[in-house]
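Residue numbers (full-length UniProt numbering): 1 to 167.
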C-alpha cells in the first residue's frame, strides 16, 4: 500500500475547513489595526490629498469626496498595507512563525508523521545572523557614500553657473 502524497492544496483545504485561515486572517487584521505607523502614514496621505486640498472641495458631498479620495489614494494605501501584511506573515518570531508551524503541523498530521517544532536558534546562530546584517548595513553605507561623493563631484557651484550663463 503506497503512501498518499500530501499536496499544498490538501493542507490549505484542511486549514480552511478547521477555521485556521479565518483565525489567522483575524490576527492579521487586528495587527494591522494596531499598526500606528500605517495609521499615521494613511492620515498624512489623506491630509496632503490633492482632492481635499483642491479649490471647491468643501462644496462636494461626503460621497463625492470619498470616491475621489479612493481614486487618488487607494493604490498607495493598499500597497503599504500589503507590505505590512507580508512583514507580519514573514516575521520569523511572531505571526510568521505561528503560520509556518501551523502549516507544518497540519502537513505532518495529514501525512501521518509526528510534528516536531523547530528548535530555538542557538546563540551562535543569532550572533552570526547579526554579523551578516551588520556587514550588509556597512556595505550599503559604503555604496551610499560612494554615490554621494560621485554626485557631489559632478555638481557645479552657483558661481560656475553664473559664469557659463554670462558667456
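Cβ atoms here follow ideal geometry from the backbone N, Cα and C, with glycine treated the same way.
Buried/exposed call for residue i, threshold 16 Cβ in 10 Å
i          : result
residue 43 : exposed
residue 99 : buried
Simplified DSSP assignment, three categories, for residue i
i           : result
residue 54  : coil
residue 4   : coil
residue 112 : coil
residue 30  : helix
residue 49  : coil
residue 93  : coil
residue 42  : helix
residue 75  : helix
residue 61  : coil
Alpha-carbon spacing of residue i relative to residue j, whole angstroms
i           : j           : result
residue 9   : residue 32  : 27 Å
residue 74  : residue 87  : 20 Å
residue 58  : residue 14  : 52 Å
residue 115 : residue 95  : 19 Å
residue 154 : residue 65  : Reliability fails at residue 154, whose pLDDT of 48 lies under 50, so the model's placement of it is uncertain and no value is given.
residue 89  : residue 113 : 25 Å
residue 69  : residue 52  : 8 Å
residue 45  : residue 76  : 9 Å
residue 103 : residue 11  : 7 Å
residue 105 : residue 25  : 18 Å
residue 4   : residue 109 : 12 Å
Cβ distance (whole Å) where residue i is taken to contact residue j below 8 Å
i          : j           : result
residue 72 : residue 49  : 6 Å
residue 21 : residue 111 : Not a contact, Cβ separation roughly 20 Å.
residue 30 : residue 84  : Residue 30 to residue 84, Cβ: 13 Å. No contact.
residue 41 : residue 97  : Rounded, the Cβ-Cβ distance is 26 Å, inconsistent with contact.
Interface flag, residue i vs chain B, CB-CB below 7 Å
i          : result
residue 20 : The structure shown contains no chain B; it is built from a single protein chain.
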